[in-house]
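Student:
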Amino acid sequence: MTAKAASAPSPFVERSDLVSWGRVSRGVQRVARPGFRDELSGLPSHAGDESLLAIGPRRSYGDSCLNRAGAVVDMSGLDRFIAFDAATGVLRAEAGASLSEILRLVVPKGWFPPTTPGTRFVTLGGVVANDVHGKNHHGAGSLGRHVRAFGLLRSDRGALTVTPESDPALFASTIGGLGLTGVIEWVELQLVKIGGAHLDVEIVPYDNLDDFWSLADESARSFEHTVAWLDCAAGGAGTGRGIFSRANWIDDGAYDLHDDKSWKRIPLEAPGFALNRFTVGAFNKLYHRVNSAKAGTHRQHYAPFFYPLDAVHDWNRLYGRRGMLQYQCVIPRENQRDAIAEMLRVIAASGQASFLAVLKTFGDLPSLGVLSFPRPGATLALDFPFRGETTLNLLARLDAMVREANGALYPAKDGRMSREMFRRSFPRWEQLLKDPALNSDFWTRVAQ
Ligand SMILES: Cc1cc2nc3c(=O)[nH]c(=O)nc-3n(C[C@H](O)[C@H](O)[C@H](O)COP(=O)(O)OP(=O)(O)OC[C@H]3O[C@@H](n4cnc5c(N)ncnc54)[C@H](O)[C@@H]3O)c2cc1C
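In the working numbering, each residue's number is its place in the sequence shown (first place is 1) plus 2.
(1) In whole angstroms, what is the alpha-carbon distance linking HIS303 and VAL21?
(2) I'd like to confirm something about THR125: is its beta-carbon nearer than 7 Å to some heavy atom of ligand 1, or not?
(3) Hey, out of HIS140, LEU435 and GLY58, whose CA is closest to LEU172's CA?
(4) If I measure Cβ to Cβ from TYR321 and keep anything under 6 Å in the same chain, skipping five residues before and after, which residues do I get?
(5) Could you tell me the distance, in whole angstroms, from the CA atom of PRO207 to the CA atom of ILE245?
(6) Do you know whose CA, among THR392, VAL130 and LEU155, lies nearest LEU101's CA?
(7) Helix, strand or coil: which one does DSSP assign to ASN408?
(8) Is the beta carbon of THR381 closer than 8 Å to that of GLN330?
(9) Reducing DSSP to helix, strand and coil, say where ASP209 ends up.
(10) Rounded to the nearest angstrom, what separates GLY255 and PHE114 at their Cα positions?
(11) HIS140 and THR228 look like a contact to me (Cβ under 8 Å); what is the Cβ gap, rounded to whole Å?
(12) Does DSSP put VAL15 in a helix, a strand or coil?
(13) Is ASN408 a contact residue of ligand 1, with contact defined as CB to any heavy atom under 7 Å?
(14) Contact between the stretch 194-202 and the stretch 392-402: three or more CB pairs below 8 Å?
(15) Less than 7 Å between the CB of CYS331 and some heavy atom of ligand 1, yes or no?
(16) Between the Cα of VAL448 and those of GLU432, ILE186, ALA407 and HIS148, spot the shortest distance and give me the residue it belongs to.
(17) What ranges does the alpha helix (DSSP H) occupy inside the stretch 335-422, keeping only unbroken runs of at least 4 residues that lie completely in it?
(18) Any heavy atom of ligand 1 closer than 7 Å to the Cβ of THR363?
(19) For ligand 1, any of its heavy atoms closer than 7 Å to the Cβ of GLY181?
(20) Does the Cβ-Cβ distance between PRO334 and SER157 come in under 8 Å?
(21) Among the residues of its own chain, which have a CB less than 6 Å from the CB of VAL372, if the five just before and after it don't count?
(22) Just tell me which of ALA236, GLY112, ARG243 and GLU204 has its CA closest to the CA of PHE225.
(23) Can you tell me whether DSSP reads VAL109 as helix, strand or coil?
(24) In angstroms with no decimal places, state the Cα-to-Cα distance between ALA439 and TRP251.
(25) Using alpha carbons as the reference points, say which of ARG122, GLY160 and ILE177 lies closest to ARG147.
(26) Who pairs with ARG299 in a beta bridge, going by DSSP?
(27) Are the Cβ atoms of ALA407 and ASN337 separated by less than 8 Å?
(28) Could you name the residues that DSSP lists as bridge partners for VAL74?
(29) Say yes only if the C-beta of ILE104 is nearer than 7 Å to one or more non-hydrogen atoms of ligand 1, and no if none qualify.
(30) Quick check on ASP312: buried or exposed, where buried means 16 or more other Cβ atoms within 10 Å of its Cβ?
(31) For VAL149, write down the residues that DSSP places opposite it in a beta bridge.
(32) Confirm, please, whether the CB-CB distance from GLY237 to ARG339 is below 8 Å.
(33) Report the partner residues of ASN250 according to the DSSP bridge assignment.
(34) Rounded to a whole number of angstroms, what is the C-alpha to C-alpha distance between LEU55 and SER66?
(35) Helix, strand or coil for GLY244 per DSSP?
(36) What does DSSP give as the partner residue(s) for TYR329 in the beta ladder?
Pasting the structure below:
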């Protein structure tokens with residue numbers, strides 16, 4: 003530690019309320035929250051021998067955004083816009099800027115993020131570090147393809163401006179690099195043009211997985227956004243039944259914005275037993291019936307279409323104090339039909355299914371990151387209320403199926419994958435140009 007750092011008060015405070023979205027991993031975490039970029043370079047000396055990790059609002063489900071053996075840098079104070087060219091749609095902003103704030107700036111000018119995850123309460127740094135994907139993966143690929151440059155602060159090389167051309171290896175390491183290649187200080191992103199804030203959304207209820215594959219194939223050709231919600235409590239002939247939704251932007255010049263203030267809240271943690279085979283089965287049947295009645299095409303604002311869950315603040319508390327594990331895998335195209343069918347059968351029979359199951363096909367556009375998750379095939383994502391060994395055993399069975407099918411698991415959603423599973427999911431993992439001063443709980447588990 004330097005003499006200056008030793009005499010200055012430490013910017014780190016201990017917090018025990020810092021959990022990730024799944025709320026399973028708990029513990030005390032040392033946290034600093036800088037308000038200006040020039041404070042970042044002093045943090046390692048205050049951290050002493052401890053490793054650091056930059057984090058956003060922890061919308062990652064597991065432990066990739068935690069570093070309980072070291073300290074974290076909460077980037078939410080670094081949320082300023084640096085430059086926005088409304089003619090070209092190039093935005094440069096600090097890494098702590100949230101998608102919600104970005105939308106407020108860019109939508110009225112006719113621009114939108116090139117792809118977006120299912121929540122707008124994420125930061126630029128977070129979405130780059132996970133190379134996130136959205137409902138338009140088949141046409142746009144994952145987010146990293148639209149990143150023009152970023153500022154990266156490394157403990158061994160100082161502050162760098164990285165573009166795909168200036169340092170291809172560091173660029174590829176940092177896109178989807180789980181925050182381990184340096185602190186991303188700012189990001190420059192190419193946005194996409196929109197002619198209004200609404201989409202034509204077609205809801206297509208379907209009865210089984212075969213129908214899903216046909217709909218996915220057909221829709222990828224003429225719809226920019228596609229996704230399906232699955233009733234994963236349904237077994238037998240109904241395995242994989244669900245609601246397919248597909249959408250294109252409408253060019254009507256109506257650029258109204260979303261409203262974050264209209265959130266509903268979950269006031270208390272739900273009791274752990276509230277989600278069980280019977281309540282979930284009943285909810286899924288009801289959801290299927292209600293949405294089947296809405297079949298057809300409707301004009302919908304981008305907020306309920308892309309961010310339906312954002313309408314309920316803290317919905318993760320529905321899973322009770324023990325929290326939940328999300329499981330998201332991708333299965334290569336040649337194995338997707340058999341593997342997904344088998345996984346859904348096992349999940350339905352387990353009675354542990356939750357109501358949030360999503361199935362989507364990824365397109366062929368390559369992801370740029372060494373640890374990027376999206377690849378051609380189909381991705382299945384679902385939540386499981388955490389019930390200890392019972393849940394872990396089920397997920398281990400699913401792992402075996404993913405392995406057998408040469409698939410991969412998504413670190414952003416994971417809090418438990420084994421070293422072996424990680425290494426098989428990301429065979430190039432040793433190429434990651436890790437910053438020696440950074441670490442995370444996830445990395446300690448899978449790579450050390
Ligand atoms: C309701 C919901 C829907 C979702 N839907 C999708 C989806 O459709 N597609 C998808 O891909 N993901 C999805 N996700 C996951 C989410 O988009 C990612 O986990 C996202 O990266 C979280 O961003 P964050 O800002 O909360 O970052 P955190 O979760 O806090 O951190 C994520 C990672 O980014 C790193 N990081 C954060 N900031 C920086 C920085 N400045 N410098 C370096 N590293 C940094 C962290 O170290 C960590 O490794 C969803 C999550 C939720 C809760």
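All C-beta atoms in this analysis are idealised placements derived from N, C-alpha and C, irrespective of residue type, glycine included.
Tutor: With the structure as the only source:
(1) Here residue 303 corresponds to residue number 301 of the sequence shown, with the count starting at 1. Here residue 21 corresponds to residue number 19 of the sequence shown, with the count starting at 1. Going by the C-alpha atoms only, they are around 31 Å apart.
(2) Working through the sequence shown from its first residue, we reach residue 125 at position 123. THR125: yes, Cβ under 7 Å from ligand 1.
(3) As a working note, residue 172 is residue 170 in the sequence shown. That would be LEU435, whose Cα lies nearest to the Cα of LEU172.
(4) Taking the sequence shown and counting its residues from 1, one reaches residue 321 at position 319. Correct list, in chain order: PRO387.
(5) Counted from its first residue, the sequence shown places residue 207 at position 205. Counted from its first residue, the sequence shown places residue 245 at position 243. Rounded to whole angstroms, PRO207 to ILE245 spans 4 Å at the Cα level.
(6) Counting from 1 along the sequence shown, the entry for residue 101 is found at position 99. Of the candidates THR392, VAL130 and LEU155, the one whose C-alpha sits nearest the C-alpha of LEU101 is VAL130.
(7) Taking the first residue of the sequence shown as position 1, residue 408 is located at position 406. Under the three-state reduction of DSSP, ASN408 is assigned to coil, being neither helix nor strand.
(8) Counting from one through the sequence shown, the residue named residue 330 turns up at place 328. Counting from one through the sequence shown, the residue named residue 381 turns up at place 379. A distance below 8 Å separates the beta carbons of GLN330 and THR381.
(9) Translated into positions along the sequence shown, residue 209 becomes position 207. Assigned with DSSP and collapsed to three states, ASP209 falls in coil, not helix or strand.
(10) Mapped onto the sequence shown, residue 255 falls at position 253. Mapped onto the sequence shown, residue 114 falls at position 112. Each residue's alpha carbon lies about 14 Å from the other.
(11) Against the sequence shown, residue 140 aligns to sequence position 138. Against the sequence shown, residue 228 aligns to sequence position 226. That pair is a contact at about 7 Å.
(12) Position 13 of the sequence shown, counted from the start, is the residue given in the question as residue 15. Three-state result, VAL15: strand.
(13) Against the sequence shown, residue 408 aligns to sequence position 406. No; taking the cut-off as 7 Å, the Cβ of ASN408 has no heavy atom of ligand 1 nearer than that.
(14) no
(15) In the sequence shown, residue 331 corresponds to position 329, counting from 1. No, ligand 1 has no heavy atom inside 7 Å of this Cβ.
(16) Residue mapping note: residue 448 aligns to position 446 of the sequence shown, counting from 1. Checking every option, the nearest Cα to that of VAL448 belongs to GLU432.
(17) 335-352 and 391-406
(18) The residue given as residue 363 occupies position 361 in the sequence shown. Not so, every heavy atom of ligand 1 lies at least 7 Å from the Cβ.
(19) If you number the sequence shown from 1, residue 181 lands on position 179. The answer is yes for GLY181.
(20) Indexing the sequence shown from 1 puts residue 334 at position 332. Indexing the sequence shown from 1 puts residue 157 at position 155. No; because the gap between Cβ atoms is not below 8 Å, this pair is not in contact.
(21) On the sequence shown, residue 372 is found 370 positions in, with the first residue counted as 1. The answer, listed in chain order, is ALA174, SER175, ARG430, GLN433 and LEU434.
(22) For the purposes of this step, residue 225 is identified with residue 223 of the sequence shown, where counting begins at 1. Out of ALA236, GLY112, ARG243 and GLU204, GLU204 has the C-alpha closest to the C-alpha of PHE225.
(23) Position 107 of the sequence shown holds residue 109. Here VAL109 sits in helix by DSSP.
(24) To locate residue 439, count along the sequence shown from 1; it is residue 437. To locate residue 251, count along the sequence shown from 1; it is residue 249. So the alpha carbons of these two residues sit roughly 44 Å apart.
(25) Within the sequence shown, numbered from 1, the residue matching residue 147 stands at position 145. Looking at the Cα atoms, ILE177 is the closest of the given residues.
(26) Start at 1 with the first residue of the sequence shown, and residue 299 comes out as number 297. Just to set this straight, residue 299 is Thr in the shown sequence, not Arg. BP columns for THR299 point to GLU204.
(27) Residue numbering aside, residue 407 sits at position 405 when the sequence shown is read from its first letter. Residue numbering aside, residue 337 sits at position 335 when the sequence shown is read from its first letter. Yes, the pair counts as a contact, with Cβ atoms nearer than the cut-off.
(28) Counting from one through the sequence shown, the residue named residue 74 turns up at place 72. Answer by DSSP bridge pairing, in chain order: VAL33 and LEU55.
(29) Reading the sequence shown from its first residue, position 102 is the one you call residue 104. Not under cutoff, so the answer is no.
(30) As a first step, residue 312 is located in the sequence shown; it is residue number 310 there, counting from the start. Buried: at least 16 other Cβ atoms inside 10 Å.
(31) Here residue 149 corresponds to residue number 147 of the sequence shown, with the count starting at 1. The partner list for VAL149 (beta bridge, DSSP) reads LEU191.
(32) Taking the sequence shown and counting its residues from 1, one reaches residue 339 at position 337. Taking the sequence shown and counting its residues from 1, one reaches residue 237 at position 235. Not closer than 8 Å, so no.
(33) The sequence position of residue 250 within the sequence shown is 248, counting from 1. DSSP, once it has assigned bridges, lists ASP202 as partnering ASN250.
(34) The residue given as residue 55 occupies position 53 in the sequence shown. The residue given as residue 66 occupies position 64 in the sequence shown. So the alpha carbons of these two residues sit roughly 9 Å apart.
(35) For the purposes of this step, residue 244 is taken as the residue at position 242 of the sequence shown. Reduced to three states, the DSSP call for GLY244 is strand.
(36) Here the question's residue 329 lines up with position 327 in the sequence shown. LEU384.
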